[in-house]
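Chains as they are written, first to last, in our numbering: chain A, 1 to 356; chain B, 1001 to 1356.
Take a look at the structure:
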């Protein structure tokens, strides 16, 4: 593991984006989101994805300097066509608009179509939480998830993020895929030459998938098979909960914006699929005095984090605590990157003529 | 199984509520919700719960004729103290107010404290769906769910309901507990003298619970142990998703309304705990032409329901389809009730001097 100062890593990533033709503000915002993932320990969504973003930008599938088209607007809502722009920086702007609507009217929502991969959903909800608001961020993704009792992927890993603040930067921050696992985990089984354990994925017949290489190929070319929905780990019939949550995400992101949903969302060999997002912010003081709310949040979070662990476990967490602790450590000691990730990031930079 | 005409069953339940002192309108609304559960095949939330409601009303823990106190109000939001009123009828009124706010401003939300058991959450979301809106309904419940790595219940089964309409009464309607299972299922293991299978619940040490009678007793007296969160069926560390969703529900229902949350929500031997609810409705036309939205919904739902099933499975559903089909059959052939449920309902009625 190599530790890189956060600002240095952000600057490098922004320089790469700018060399690829992304305007500075978009490049800076996008770099911050990628580095935030690594700083929080969410490596799957960090700078190791830079090659995919770079390939997408080179292929003109991810475009800089796009002004999203406003499709519909009310004082509390906004619907955008992102025109294939940078999903990362564009989502920061969208969340800020949602927060501005909530400041004025109590609530704001935004549904966006035709966007690109937006990194960690939890980055956006925390923009709201820092403003004494409750934040929600959703995105659909390439179809990798198989409905209960089916054998074909019909929805993405469709994550749900939700954040609410306590005092002094304390916060509850959930960011979860609605499938049992993600493609990144299947890729890990492939890299390490291991079989996929039961309960995570099914093959083209809807039976437990064991061979990660075959599953990844079948998923990429949409031949069938895919990831099981949350809850199906032990009993396939229980997967209806994750399946239902994933469809809920498709409805709010894609059906509300008129974008691509279900199996129509798919990756190309080059880069990620055109995806849809949904953001929401609600001012806490439309419900209650924010101080009282945050006092209750503090009490709840403290009660959870101080619970005696079960036999064999070390500690009880609440959503976001582990990531907040990792981020604090990254800010003090540098952002930890596996050497291979750092080397490949440097290679991308050097190829573009940047000095690292 | 006995089949009772829906209207007859609704009238009987309403008469029971009225005999117990609940005003007619509240009694009628409440009866409709209980019977809807049975009509849809959700027996755990149907008229078999009448004894618990009746006991709660007799003990003055559930009160008729309560006017909820408005704690805070904006054009898009409402916070109520339900004053221990009838959770069922009161939630219908709250959802109608939310729908009225959404009609005028696009969105409406309502958080309610100090209420009682509100039956099936999916009943309320469908009030919104029938008005060309997207509906959300949440409730916290007595603490029965154990956080990941802990050994003590700190949140309820905290269900999430979400509904969105297609054309001609078609709709996606999710209504799911955020725990792997519910207390009703544990009670079934007790009644049939079977052990609890692994992955559903833990004992006071945080180890797999096998003895349903002991677990039910430990849960009732809050000695420790409880249900595992969604996702923990196979691997305890994956339960963080259900755990996170359950806490999200506590935040929107209880922390937003200033009500009881976490382990402070508990049943008495007589009836259910004082609980908190959250309702939301969003007009579809703030996003898109509702006709276009519903056309996409129709296409998505048809694609899902016509998927070829996996080997060994019979059919692929989407959330709410099974319940809609059951309801249609109940409307045609009568609402199916187990004989024991029908007998105990008649006994309650006769004890109150009603002729059945």
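Every residue, glycine too, gets a C-beta built ideally from N, C-alpha and C.
Residue i: first and last residue of the uninterrupted beta strand (DSSP E) it sits in
{"i": "residue 194/A", "result": "Looking at the DSSP string, residue 194/A is not in any beta strand (DSSP E), and its letter there is neither H nor E."}
{"i": "residue 220/A", "result": "No beta strand (DSSP E) holds residue 220/A; the alpha helix (DSSP H) holding it covers 212-220."}
{"i": "residue 1277/B", "result": "1275-1283"}
{"i": "residue 109/A", "result": "107-115"}
{"i": "residue 74/A", "result": "69-74"}
{"i": "residue 1160/B", "result": "1160-1165"}
{"i": "residue 1171/B", "result": "1171-1176"}
{"i": "residue 81/A", "result": "77-81"}
{"i": "residue 1335/B", "result": "1335-1337"}
Interface residues of chain B facing residue i [CB-CB closer than 9 Å]
{"i": "residue 233/A", "result": "1199, 1231, 1232, 1233, 1234, 1235, 1238"}
{"i": "residue 311/A", "result": "1151, 1205, 1206, 1207"}
{"i": "residue 91/A", "result": "Those do not exist, as residue 91/A stays about 17 Å from chain B at its closest Cβ, beyond 9 Å."}
{"i": "residue 223/A", "result": "Simply none; closest approach about 13 Å."}
{"i": "residue 288/A", "result": "1071, 1072, 1079, 1111, 1255, 1256, 1257, 1258"}
{"i": "residue 211/A", "result": "What residue 211/A touches in chain B: nothing, since even the nearest Cβ is about 17 Å away."}
{"i": "residue 370/A", "result": "Summary: the structure shown does not reach residue 370/A, with chain A confined to residues 1 through 356, and so no result is reported for it."}
Inter-residue spacing [alpha-carbon to alpha-carbon] between residue i and residue j
{"i": "residue 211/A", "j": "residue 46/A", "result": "26 Å"}
{"i": "residue 1099/B", "j": "residue 1124/B", "result": "10 Å"}
{"i": "residue 1352/B", "j": "residue 1097/B", "result": "34 Å"}
{"i": "residue 1232/B", "j": "residue 254/A", "result": "29 Å"}
{"i": "residue 1273/B", "j": "residue 1266/B", "result": "5 Å"}
{"i": "residue 1130/B", "j": "residue 1312/B", "result": "36 Å"}
{"i": "residue 1331/B", "j": "residue 1035/B", "result": "11 Å"}
{"i": "residue 167/A", "j": "residue 26/A", "result": "31 Å"}
{"i": "residue 111/A", "j": "residue 1290/B", "result": "15 Å"}
{"i": "residue 159/A", "j": "residue 1222/B", "result": "33 Å"}
{"i": "residue 1090/B", "j": "residue 164/A", "result": "27 Å"}
{"i": "residue 287/A", "j": "residue 109/A", "result": "17 Å"}
{"i": "residue 1193/B", "j": "residue 1187/B", "result": "10 Å"}
{"i": "residue 77/A", "j": "residue 295/A", "result": "30 Å"}
{"i": "residue 50/A", "j": "residue 345/A", "result": "7 Å"}
{"i": "residue 1191/B", "j": "residue 1043/B", "result": "16 Å"}
Buried or exposed by the 16-neighbour rule on C-beta atoms within 10 Å, applied to residue i
{"i": "residue 219/A", "result": "buried"}
{"i": "residue 1355/B", "result": "exposed"}
{"i": "residue 1229/B", "result": "buried"}
{"i": "residue 203/A", "result": "buried"}
{"i": "residue 60/A", "result": "exposed"}
{"i": "residue 1134/B", "result": "buried"}
{"i": "residue 333/A", "result": "exposed"}
{"i": "residue 1005/B", "result": "exposed"}
{"i": "residue 306/A", "result": "exposed"}
{"i": "residue 48/A", "result": "buried"}
{"i": "residue 237/A", "result": "exposed"}
{"i": "residue 1113/B", "result": "buried"}
{"i": "residue 1340/B", "result": "exposed"}
{"i": "residue 1213/B", "result": "exposed"}
{"i": "residue 1023/B", "result": "exposed"}
{"i": "residue 1007/B", "result": "exposed"}
{"i": "residue 1107/B", "result": "buried"}
{"i": "residue 1292/B", "result": "exposed"}
{"i": "residue 1281/B", "result": "buried"}
N- and C-terminal bounds of the alpha helix (DSSP H) containing residue i
{"i": "residue 1013/B", "result": "1006-1019"}
{"i": "residue 1058/B", "result": "1050-1058"}
{"i": "residue 31/A", "result": "24-39"}
{"i": "residue 1135/B", "result": "Where residue 1135/B is concerned, there is no enclosing alpha helix (DSSP H), although the beta strand (DSSP E) it sits in stretches over 1133-1139."}
{"i": "residue 1127/B", "result": "1122-1129"}
Contacts that residue i makes with chain E (C-beta to C-beta distance below 7 Å)
{"i": "residue 241/A", "result": "The chain labelled as chain E is not found among the protein chains of the depicted structure, namely A and B."}
Cross-chain neighbours of residue i in chain B, by beta carbon under 7 Å
{"i": "residue 164/A", "result": "1251"}
{"i": "residue 244/A", "result": "1174, 1176, 1319"}
Neighbour list for residue i in chain B, Cβ cutoff strictly below 8 Å
{"i": "residue 292/A", "result": "1258"}
8 Å Cβ cut-off: residues of chain A touching residue i
{"i": "residue 1303/B", "result": "154, 262, 263"}
{"i": "residue 1247/B", "result": "172, 174, 300, 304, 318, 319"}
{"i": "residue 1202/B", "result": "310"}
{"i": "residue 1042/B", "result": "Residues of chain A passing the Cβ test: none, with the nearest at roughly 13 Å."}
Interface residues of chain A facing residue i [CB-CB closer than 9 Å]
{"i": "residue 1147/B", "result": "304, 307, 316, 317, 318"}
Interface partners of residue i on chain A, CB under 7 Å
{"i": "residue 1188/B", "result": "Those do not exist, as residue 1188/B stays about 15 Å from chain A at its closest Cβ, beyond 7 Å."}
{"i": "residue 1035/B", "result": "The contacting residues do not exist; residue 1035/B stays about 24 Å from chain A at best."}
Any non-hydrogen atom of the ligand MN closer than 7 Å to residue i Cβ
{"i": "residue 1242/B", "result": "In terms of ligand content, the structure shown is empty, and the ligand MN therefore cannot be addressed."}
- Message: Counting only Cβ-Cβ distances shorter than 8 Å, please list the residues of the region 313-340 of chain A near chain B, keeping chain order.
- Response: 313, 314, 315, 316, 317, 318, 319
- Query: If contact means a Cβ-Cβ distance below 8 Å, which residues of the region 56-89 of chain A contact chain B?
  - Reply: 71, 72, 74, 75, 76, 77, 79
- Message: For the region 104-133 of chain A, list every residue whose C-beta sits within 8 Å of some C-beta in chain B, in sequence order.
- Response: 105, 106, 107, 109, 111
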